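Which chain is which? The protein sequence lines are A and B, in order. Using this note's numbering, the first residue of the first sequence is number 467, and each one after it goes up by one. Using this note's numbering, the first residue of the second sequence is number 467, and each one after it goes up by one.
Number of protein chains: 2
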Amino acid sequence: MSSTPDQEFIHDFAIMSTFGATDGGGVDRQAATAPDGAQRAWLADWLTTRGFRIEFDSVGNQFGLYEFIPGAPYVLTGSHMDSQPLGGRYDGAYGVLASAHAAARVVEGLHRSATVPKFNIGVVNWFNEEGSRFKPSMMGSSVFTGKLPAAAALATPDARGVTVREALETIGTIGSYPGPQPAAYAEIHIEQGRTLENEGITIGLVESTWAAEKFEFIVHGDQSHTGSTIMADRKDALLGAALLTVFARELSERFSSRYPSAPLHTSVSEMTIEPNSPVVVAREVRLHLDMRSPDQSVAIAASDELLAQIPLFEKRANVAIKQVAAHSWGNKDYQRQGVKLAMEACEELGLTHREVMTVAGHDSVNMKDIVPTVMLFVPSVEGISHNEREFTRDEDACAGVDLLARVITKLSLGDL
Amino acid sequence: MSSTPDQEFIHDFAIMSTFGATDGGGVDRQAATAPDGAQRAWLADWLTTRGFRIEFDSVGNQFGLYEFIPGAPYVLTGSHMDSQPLGGRYDGAYGVLASAHAAARVVEGLHRSATVPKFNIGVVNWFNEEGSRFKPSMMGSSVFTGKLPAAAALATPDARGVTVREALETIGTIGSYPGPQPAAYAEIHIEQGRTLENEGITIGLVESTWAAEKFEFIVHGDQSHTGSTIMADRKDALLGAALLTVFARELSERFSSRYPSAPLHTSVSEMTIEPNSPVVVAREVRLHLDMRSPDQSVAIAASDELLAQIPLFEKRANVAIKQVAAHSWGNKDYQRQGVKLAMEACEELGLTHREVMTVAGHDSVNMKDIVPTVMLFVPSVEGISHNEREFTRDEDACAGVDLLARVITKLSLGDL
Chain A
467 MSSTPDQEFI HDFAIMSTFG ATDGGGVDRQ AATAPDGAQR AWLADWLTTR
517 GFRIEFDSVG NQFGLYEFIP GAPYVLTGSH MDSQPLGGRY DGAYGVLASA
567 HAAARVVEGL HRSATVPKFN IGVVNWFNEE GSRFKPSMMG SSVFTGKLPA
617 AAALATPDAR GVTVREALET IGTIGSYPGP QPAAYAEIHI EQGRTLENEG
667 ITIGLVESTW AAEKFEFIVH GDQSHTGSTI MADRKDALLG AALLTVFARE
717 LSERFSSRYP SAPLHTSVSE MTIEPNSPVV VAREVRLHLD MRSPDQSVAI
767 AASDELLAQI PLFEKRANVA IKQVAAHSWG NKDYQRQGVK LAMEACEELG
817 LTHREVMTVA GHDSVNMKDI VPTVMLFVPS VEGISHNERE FTRDEDACAG
867 VDLLARVITK LSLGDL
Chain B
467 MSSTPDQEFI HDFAIMSTFG ATDGGGVDRQ AATAPDGAQR AWLADWLTTR
517 GFRIEFDSVG NQFGLYEFIP GAPYVLTGSH MDSQPLGGRY DGAYGVLASA
567 HAAARVVEGL HRSATVPKFN IGVVNWFNEE GSRFKPSMMG SSVFTGKLPA
617 AAALATPDAR GVTVREALET IGTIGSYPGP QPAAYAEIHI EQGRTLENEG
667 ITIGLVESTW AAEKFEFIVH GDQSHTGSTI MADRKDALLG AALLTVFARE
717 LSERFSSRYP SAPLHTSVSE MTIEPNSPVV VAREVRLHLD MRSPDQSVAI
767 AASDELLAQI PLFEKRANVA IKQVAAHSWG NKDYQRQGVK LAMEACEELG
817 LTHREVMTVA GHDSVNMKDI VPTVMLFVPS VEGISHNERE FTRDEDACAG
867 VDLLARVITK LSLGDL
């Protein structure tokens, strides 16, 4: 008895989830680590078996290419296979496998119906979307779309000083392929929120991004003895960082009561503390502070209140707080015709759907700036993400693959 | 022209300060690192040249022994040569070199006057007083005084998993010597505070320790996406840790206005954050919280207020805060007859002096529990310590060596 396409997808997804599997049911598969390398080899094998040609570009983006018309541009579809430390099985990996399955089905269907599409079809596994090992996140698609020079990406070190180039050479997934000429892009991802689950809807049609205000601060203090130094002499960088952290949450609480319809999400989740000794007042703390809202004016107002507060924190902790980087974006739209095409595909398949915004960044945020892009979500159970307990039900995952195949078919025929 | 004893001391101290020297004028010579090993070899050579026999015990305490009476107990004098990361040149290292110079002078003086003392004389360089690489601090003297089993110390890993035993074997300073039988102990150290400098006094006679309440907490949260997770679903361990950090300072501010004569020193200076990623809400933070006061009732009252506050922090950050270790001590006295002996030595040398308390822990805090112990301070400029700019003026450093030699002479003759 042969298996159904859904069963094959579930089977392959279970195999993928073994690369970097953790005891807690998740994966730890940071960019260009051994499990990332092993999974890339597995994907290469899977795609090659189905007639796709494998290429790596100079920053380790992995392409599986199927050429119908020599020299024609490609409809690309993909996501990323790297994860956060102790991350979930679905974030990114689901989208890459969905793309591979959908692309293979489309190729097979076009051959079966003797249809020559307008564009070639390619699967892409973007390098280092997560940014946990190498910063910034979305590195591979940023280079591909011309937003980040390849040389800068390759020279980026991880916390132990290993560069992207060295790490990619170690796992052997670096090449000289210049990359396919894209005609359109499609990506599917788990929602990482609760909207779809709460409303019992299978598909999210992503129409825009939340606005974000992201800061990197360095708090400059001075080392001293935690016991004997009198309080007035202390320049406590960790106290400065803690004041920023608590205030970020306070801003969220304050704005959420002011503007209940446009929540403000805030967080500080990473600190680099020097010297980080139990008996030495910290001389320096480097931290990221992240604020996001569906309404850009809310994010900007919160950002203003934060910056106005900093002199008070500097005085209380006797430190200097320097803003070393800021990264902000407004509500960025995906192309309307892409949302419409995906909506039609949902209707044809009888899938429930609604338009949504994405809070998280995705490689499609880069791709939509160079080609028409379709971004799709499937539900996340309880909205849990970046966590070993991340979960999407099999029927939703399989419905997403069906939809993606239909979207790729339309895109390959030039419907956009 | 031969150099004076003071010039020799200053010369040798300059040599010592080259081991692990940093660009900022300090030292980075954590326990059982290569610079610590090199300095121990230098000290062994220095002492051997002056007729001392070198021994290492099973946890890397280094002894330089001079035997007048075979089998008699030893007057021990010493401190530690390990430093904090980017620490100062004086903390510990000054006391070991002062001990070596003072002991050598006393030995020479006793021989010159053909005096046979009551006790032998030994110099000790305690292993891992700082506790920055291996916890707990004061490890070597804790094992020597029976407070910590040697096996537990040897099995202690650093942050990279290297154990004390492995690190000591790497630098070759581990032995099987059981340790000398102590009769008395003397230690000299920089004050690491401003009392002596503010009052223009050369010598601090340490009569007791401040009380301390030290906590180790683990804040348990859960990983989630910093962008897309709705605020109500977040279990933010770093927010919990930041609330504790800010509240520790608030306690110090509150108590210092209530009890101006008994200041409360508080700090959080180290956090271990998991996974410490800019896009993942922290699932766990481990931190130390330290509170000290010259008045134990103040430290205990502050500790009570802290613990009463924890349920509010747990609720606000949606986390569980577990106290995994607590370490507290009252105002512990040094033996009065030791303070008196040192005061008489000051008077004989014409050195200004006053009784002081020590806020910081020292190996002498362990030693005073097993033998009569004399603890001496010399001034720290601006009270700066655990910092590359730590400084003590040459005249104060040399006066301290003179005083220590006189104290050791008295102790070796059985004056205590």
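Glycine is no exception: its CB is placed at the ideal position from the N, C-alpha and C atoms. Here the structure is a predicted model, which is why all the values come from computation and not from measurement.
A Cβ-Cβ contact shorter than 7 Å links Gly492(B) with Glu854(B). Residues of the region 653-678 of chain B whose Cβ lies closer than 8 Å to any Cβ of chain A, in chain order: Glu657, Gln658, Gly659, Arg660, Trp676, Ala678. Annotation: the region 749-792 of chain B contains the following complete segments of the alpha helix (DSSP H) (minimum length 4 residues), in chain order: 762-783. When Cβ-Cβ separations below 7 Å define contact, Met697(B) makes contact with chain A. Taking a C-beta distance under 7 Å as the contact criterion, Gly486(B) and Pro501(B) qualify as a contact pair. Between Thr622(A) and Asn832(A), the gap from beta carbon to beta carbon reaches 7 Å or more.
Within the same chain, Cβ atoms closer than 7 Å to the Cβ of Ile776(A) are found at Ile787, the five residues on either side in sequence being excluded.
According to DSSP, Tyr532(B) shares a beta bridge with Ile587(B).
At a cut-off of 7 Å between beta carbons, Asn797(A) makes no contact with chain B. Bounds of the beta strand (DSSP E) holding Arg820(A) are 819-824. According to the DSSP assignment, Val712(B) belongs to the alpha helix (DSSP H) that extends over 703-724. Taking 8 Å as the upper bound on Cβ-Cβ separation, chain B lies near residues Glu596, Gly597, Ser598, Lys601, Ser603 of the region 576-608 of chain A.
Every unbroken stretch of the alpha helix (DSSP H) spanning 4 or more residues and falling wholly within the region 828-859 of chain A is given here in chain order: 829-833.
DSSP places Phe479(B) inside the alpha helix (DSSP H), whose first and last residues are 471-482. According to DSSP, residue pairing for Asp548(B) in a beta bridge does not occur. The beta carbons of Ser851(A) and Ile656(A) sit about 7 Å from each other, so the pair counts as a contact at 8 Å. Not a single CB atom of chain B sits nearer than 7 Å to the CB of Val525(A).
Interface annotation, Ser723(B): not in contact with chain A, CB-CB separation never under 7 Å. Relative to Leu842(A), the option among Asp472(A), Ile667(A), Leu634(A) whose CA is nearest is Ile667(A). Counting C-beta pairs closer than 8 Å gives fewer than three between the region 625-643 of chain B and the region 539-559 of chain B, which falls short of the contact rule.
The beta carbon of Asn853(A) sits closer than 7 Å to some beta carbon of chain B. About 19 Å separates the Cβ atoms of Asp557(A) and Glu861(A), ruling out a contact at the 8 Å cut-off. The beta carbon of His691(B) falls within 7 Å of a beta carbon belonging to chain A, placing the residue at that interface. With contacts defined as CB atoms closer than 7 Å, Val628(A) and Ala619(A) fail to qualify as a contacting pair. Excluding five sequence positions before and after Leu717(A), the CB atoms of its chain that fall closer than 8 Å to its own CB belong to Leu730, Thr732, Met757, Ala768, Glu771, Leu772, given in chain order. With respect to chain B, the C-beta atom of Ser694(A) has a partner C-beta closer than 7 Å. Here the C-alpha atom of Ala538(A) lies approximately 40 Å from the C-alpha atom of Thr692(B). Between Thr711(B) and chain A, the shortest Cβ-Cβ separation is below 7 Å. Contacts with chain B at 7 Å (Cβ-Cβ) do not include Val751(A). Segment contact: the region 796-805 of chain B against the region 712-726 of chain B, fewer than three CB-CB distances shorter than 8 Å; contact not assigned.
Taking 7 Å as the cut-off, the Cβ atoms of Asp799(B) and Trp592(B) do not count as close.
Contact between Met697(B) and Ser722(A) is confirmed by a C-beta separation of about 7 Å, below the 8 Å threshold.
Judged by DSSP secondary structure, Tyr560(A) falls within the alpha helix (DSSP H) whose first and last residues are 559-578.
Put simply, the CB of Arg758(A) is near chain B, with a gap under 7 Å to one of its CB atoms. Membership of Ala616(A) in the alpha helix (DSSP H) is indicated by the continuous run 616-620. In this structure, Glu679(A) keeps its C-beta atom at 7 Å or more from the C-beta atom of His754(A).
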